[in-house]
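A.B. asks:
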Amino acid sequence: MYSLGNALGLSWPCRRNAVLATLSLAVLGVCFFPFPAYAKYDGGAGTEASPYLIRTARQMNDIGASPGDWNKHFRLVADLDMSNYTGAAYNIIGTSTTQPFNGVFDGSYHEIFDFSVTTTQEFYTGLFGCVSGEVRNLGLVKPFVLAQGSRVGALVGYLDYGQVTSCYARGGRVSGADDIGGLIGRSAGRIFKSDSSGTVSGEAFVGGLVGLLADETVTTSYSKAEVSGNRNVGGLVGKTADEQSAVTHSYATGSVTGDSYVGGLVGQVERGAAHRSYSAGSVSGNQYVGGLTGYVRVLGRVSNSLWDTETSGQPTSGGGTGKTTAEMQTISTFTDQGWDFWSTWTACEGMNYPILLWQIPATDYRCPDGVDYIDFAFFAQRWHRQGCGPGNGNCEGADVDGSGTVDFSDFEIFAAHWLEGVQ
Ligand SMILES: [Ca+2]
Ligand SMILES: [Ca+2]
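Count along the sequence shown starting at 1, add 598, and that's the number in the numbering used here.
#1: Determine the direct distance from the alpha carbon of A978 to that of D970, and round the result to whole angstroms.
#2: Tell me whether I958 sits in a helix, a strand or coil according to DSSP, three-state version.
#3: So, with DSSP's three-state summary, where would you put R749?
#4: Please name the residue in T797, G1019, V900 and T942 whose C-alpha comes closest to that of A823.
#5: Which parts of the region 887 to 911 are runs of the alpha helix (DSSP H), unbroken and 4 residues or longer, counting only runs that do not cross its ends?
#6: Cβ atoms of A871 and D906: under 8 Å apart, would you say?
#7: In chain order, which continuous runs of the beta strand (DSSP E) of length 3 or greater are located wholly inside the region 795 to 820?
#8: Once the 5 residues before and after M926 are set aside, which same chain residues still bring their CB inside 6 Å of it?
#9: For the beta strand (DSSP E) that F711 lies in, which residues bound it at each end?
#10: At what residues does the alpha helix (DSSP H) containing E732 begin and finish?
#11: Heavy atom of ligand 2 less than 7 Å from the Cβ of D1008, yes or no?
#12: Indicate the three-state DSSP secondary structure (helix, strand or coil) for N830 in the structure shown.
#13: For ligand 2, is there a heavy atom less than 7 Å away from the beta-carbon of T1003?
#14: Output the boundary residues of the beta strand (DSSP E) element that contains Q761.
#15: Where does the unbroken beta strand (DSSP E) through G991 begin, and where does it stop?
#16: Considering only DSSP beta bridges, list what L674 is partnered with.
#17: Can you give the Cα-Cα distance for N884 and D857, rounded to whole angstroms?
#18: Do D938 and ligand 1 come close, with the Cβ less than 7 Å from some heavy atom?
#19: Would you kindly report the start and end of the unbroken alpha helix (DSSP H) that includes Q979?
#20: Tell whether a beta-carbon distance below 8 Å holds between Y759 and G787.
#21: Which of the three DSSP states, helix, strand or coil, is assigned to E925?
#22: Would you say the beta carbon of V969 comes nearer than 7 Å to a heavy atom of ligand 1?
#23: Report the three-state DSSP secondary structure of Q842 (helix, strand or coil).
#24: Measure the alpha-carbon distance for T891 versus V831 and round it to whole angstroms.
#25: Looking at Q912 and G889, is the spacing between their C-beta atoms short of 8 Å?
#26: Got a sec, what are the start and stop residues for the beta strand (DSSP E) A686 sits in?
#27: Could you give the residue range of the beta strand (DSSP E) that holds D1005?
#28: Looking at the structure shown, is I661 part of a helix, part of a strand, or coil, going by DSSP?
#29: So, I778 versus G727, is the Cβ gap smaller than 8 Å?
#30: Of the residues H847, G705, G724 and M658, which one's Cα is nearest the Cα of G936?
#31: Under three-state DSSP, which class holds V625?
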């Protein structure tokens, strides 16, 4: 019998030792050979200059398991599919007001799909439970948040004097007890350029975007969510509760259903203000029900704000001015109230309600709102144009990537926006 051991002149014990030696070398290789230094997340140092990078759902879930990192900087570098995390499997980031997330999470305009949590916990449910820092440039698509407790939002349960900018939760479902919002459950922070859609339901202080606005502002934001609850139910915000809390330059178009303090924009303006905002969704309830606001208390103010008396089904409101649908789609109705149609709002006269300028997709060239065949015709007429630049507005926007010519790379961007923003 001829074997390698025999060929090397080794008797059996020697061969066994040779095998062990080989195994030992393999083990040594595993232990000591050039493995990269252990990197947290997908790299980065957690600083502003070098944020921790998040590329996978697992890395996203690791943040919540690392409270020591909740004061660090993070940046999302890919879209995430969170559908593997169901029930209470996801580690919520920021668990209380004494242990909030007070770092910075920059989504870099990426989207998180199918974030889901079902929980019996008492407070602070969302992708982030409690935030005192900042979350920005992050989209949640089809989030599912089913909580028995309070302070529940798809993105943030409680925004505790932090900031949320350019974030959205679209096409999902959020439900819980009190302080329930499509994006943020309870907010004492600043919210800019954010939006929500889908369905939102709860008991008290239920809003399409924010359940309870306890302080600070919601500005240049909107909600299309369908909202239902019992008390203090609003298309955008359930209740504004503090002198300093205000809803400004914002709108809501989703349907709102509740028992008392029910409004198309805000259920109840207890303190604080609603200013230069509108609503157009259907509103129904039993007591203190209004097209724009269900009820405005002595310390609350509503100014230069409007609602659609036809689509809301409500001829009266706790505050604001009622208008017909035709009037609500006429720009002068709003400019008469001092609204800014240069840098804040825009509208397709006679076609759509006003929308916020930041909402317009890059390739929505022509009315009506949204990227459709009319915009495609505009784009196609400029096909293969050359010499695009600042002088001609990058060939009136058709050179979307600013390369100087209108070509296939612009068409790819156009196609990516197809039907975006259609009302
Ligand atoms: Ca259009
Ligand atoms: Ca181009």
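Here a beta-carbon is modelled for each residue, glycine too, at the ideal position from N, C-alpha and C.
C.D. replies: Looking at the coordinates:
#1: Their Cα atoms are separated by approximately 12 Å.
#2: For I958, the secondary structure class from DSSP, reduced to helix, strand or coil, is coil.
#3: In the structure shown, R749 sits in a strand (DSSP, three-state: E or B).
#4: Ranking T797, G1019, V900 and T942 by Cα distance to A823 puts T797 first.
#5: If only complete runs of 4 or more residues are kept, the region 887 to 911 shows the alpha helix (DSSP H) at 907 to 910, in order along the chain.
#6: No, these two residues do not count as a Cβ contact at 8 Å.
#7: Segments of the beta strand (DSSP E) lying fully in the region 795 to 820: 802 to 805, 808 to 811 and 815 to 817.
#8: These residues qualify, in order along the chain: D906 and Y951.
#9: V702 to F711 is the extent of the beta strand (DSSP E) around F711.
#10: Taken as a continuous stretch (DSSP letters only), E732 belongs to no alpha helix (DSSP H), being part of the beta strand (DSSP E) at E732 to V739.
#11: Distances from the CB of D1008 to the heavy atoms of ligand 2 include at least one below 7 Å.
#12: Looking at N830 - three-state DSSP - the assignment turns out to be strand.
#13: Correct: T1003 has its Cβ closer than 7 Å to ligand 2.
#14: Annotation for Q761: the continuous beta strand (DSSP E) segment containing it runs Q761 to S773.
#15: If you look at G991, you'll find it isn't in any beta strand (DSSP E); it sits in the alpha helix (DSSP H) that goes G991 to E994.
#16: According to DSSP, L674 shares a beta bridge with I652.
#17: Each residue's alpha carbon lies about 5 Å from the other.
#18: Checking the Cβ of D938 against ligand 1 gives no.
#19: Run containing Q979: Y971 to Q979, per the alpha helix (DSSP H) assignment.
#20: The answer is yes: Cβ separation under 8 Å.
#21: Three-state result, E925: helix.
#22: With a cutoff of 7 Å, V969 counts as near ligand 1, since its C-beta is closer than that to a heavy atom of the ligand.
#23: In the structure shown, Q842 sits in coil (DSSP, three-state: anything other than H, G, I, E or B).
#24: Rounded to whole angstroms, the gap between the alpha carbons of T891 and V831 is 9 Å.
#25: For G889 and Q912, yes; Cβs fall inside 8 Å.
#26: Looking at the DSSP string, A686 is not in any beta strand (DSSP E), and its letter there is neither H nor E.
#27: Where D1005 is concerned, there is no enclosing beta strand (DSSP E), given that its DSSP letter is neither H nor E.
#28: The answer is helix: DSSP assigns I661 an H, G or I state.
#29: The Cβ atoms of I778 and G727 lie no closer than 8 Å to each other.
#30: Taking the Cα of G936 as reference, the smallest distance to any Cα among H847, G705, G724 and M658 is reached at H847.
#31: With a pLDDT of 44 at V625, under the threshold of 50, the predicted position of this residue should be treated as unreliable, and no value is reported.
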